[in-house]
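Here the structure is laid out as C-alpha cells; the discussion comes afterwards.
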Ligand code: PEP
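Numbering (the working numbering), first residue to last: 22 to 258.
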C-alpha cells in the first residue's frame, strides 16, 4: 500500500490565522497535494507544499470578473487543478462541455488535472454508476489529444459519499476504479492514476488503503484537521 497519492481539497474553509496555524502543524507533510482557496495559494507554495487549486477558468485572460486563469496560477507555481468536482457540477452548473474547456486551458498551461467523476445515490441504486462515469469521461476528455499518464489524474467520488460519512465497500470501489482504468486505456490509450474520494478519514484509511487498484485519495473534511490529515498521509506512505 506504499506511496499512494494524497490530495487535500480544503474547499472554502479556514481564516488567515487558521491557515498560518495549519501550515505550522503540517511541517514535514508537504508531500501531499494541498488545494486551498486561491487567496492562500502563495502561503502554501512558499512553505514547500505541492499546491493545487479547486477550479480554473475556461478563459485565457480578460474581462471575466472573479475568475482565475490557468496561466495566472501556473505563473505562481501552482502544479495541479481539480476540475469537475461534484459541488461545481451541481451548485455552479459546470457542465461536461465547460469542464472540457477548463481541462484544455489547464493542460495548455502545464497544470496537471485532477478530474472528478462519480454517481448519485439514485444512479447507484439503479445500477447506472458505470454509465454515468463513462458518460462523464467520454465527454470531458473527448478529442483532447495531449492527455497522458502524468498530466491527468481521475478522482472517483461517489456523490452520496462526499461529506456524509458513508463509504462504498472496498469491492465496490475496486470495481469502479478498475472500470475507469479499463475505459481510459481503451478509449484514450492512457493509464492515469485513479484516486478514491468520499468520507475518507483517519479511522477508515487503513481499510481503504488495502484496495490495490486505488492510487490515492482525494480528502475533503478530514484534510482540514492536521492531526487527522497527517494520519491519512502516514497510512499510505
Ligand atoms: C470532496 O469533497 O472531494 C471530498 C472527498 O470530501 P469528503 O472527504 O469530506 O467526503
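We treat Cβ as the ideally placed atom computed from N, Cα and C, and that holds for glycine.
The alpha-carbon separation between residue 30 and residue 212 amounts to approximately 23 Å. A residue is called buried once 16 or more other Cβ atoms fall within 10 Å of its Cβ, and residue 33, having fewer, is exposed. Straight-line measurement puts the Cα of residue 65 at about 26 Å from the Cα of residue 85. In the three-state reduction of the DSSP assignment, residue 123 falls in the helix class. Residues of the same chain with a CB within less than 7 Å of the CB of residue 188, apart from the 5 flanking positions on each side, are 182, 219, 220, 225 in chain order. The region 120–193 is shown to contain whole beta strand (DSSP E) runs of 3 or more residues at 133–138, 173–177, in chain order. When 143, 53, 210, 180 are compared, the shortest CA-CA separation from residue 28 is found for 53. In this chain, the beta strand (DSSP E) harbouring residue 55 covers 54–56. In this structure, residue 177 keeps its C-beta atom at 8 Å or more from the C-beta atom of residue 229.
Residue 192 is classed as exposed because its beta carbon has fewer than 16 other beta carbons within 10 Å across all chains shown. Judged by DSSP in its simplified three-state form, residue 66 adopts helix.
Segment contact: the region 201–212 against the region 143–150, fewer than three CB-CB distances shorter than 8 Å; contact not assigned. Per the DSSP secondary-structure output, residue 73 pairs in a beta bridge with 101.
Distances taken from the Cβ of residue 111 to the heavy atoms of the ligand PEP include none shorter than 7 Å. Judged by DSSP in its simplified three-state form, residue 250 adopts helix.
Counting only residues of its own chain and dropping the five nearest sequence neighbours on each side, residue 200 has a CB closer than 6 Å to the CB of 151. In the structure shown, residue 240 falls within a strand segment according to DSSP collapsed to helix, strand and coil. Nearest C-alpha to residue 50 among 110, 26, 155: 26. Rounded to whole angstroms, the gap between the alpha carbons of residue 134 and residue 173 is 5 Å.
Counting only the Cα atoms, residue 255 lies some 15 Å from residue 236. A straight-line Cα-Cα distance of about 16 Å links residue 125 and residue 99.
For residue 112, the enclosing alpha helix (DSSP H) has its first and last residue at 107–112.
Going by beta carbons, residue 132 and residue 95 fall inside the 8 Å limit. The beta-carbon distance between residue 121 and residue 185, rounded to whole angstroms, is 28 Å. This is too long to meet the 8 Å contact definition. Annotation for residue 241 indicates a beta carbon within 7 Å of some heavy atom of the ligand PEP.
In the structure shown, residue 82 adopts coil according to DSSP, grouped into three states.
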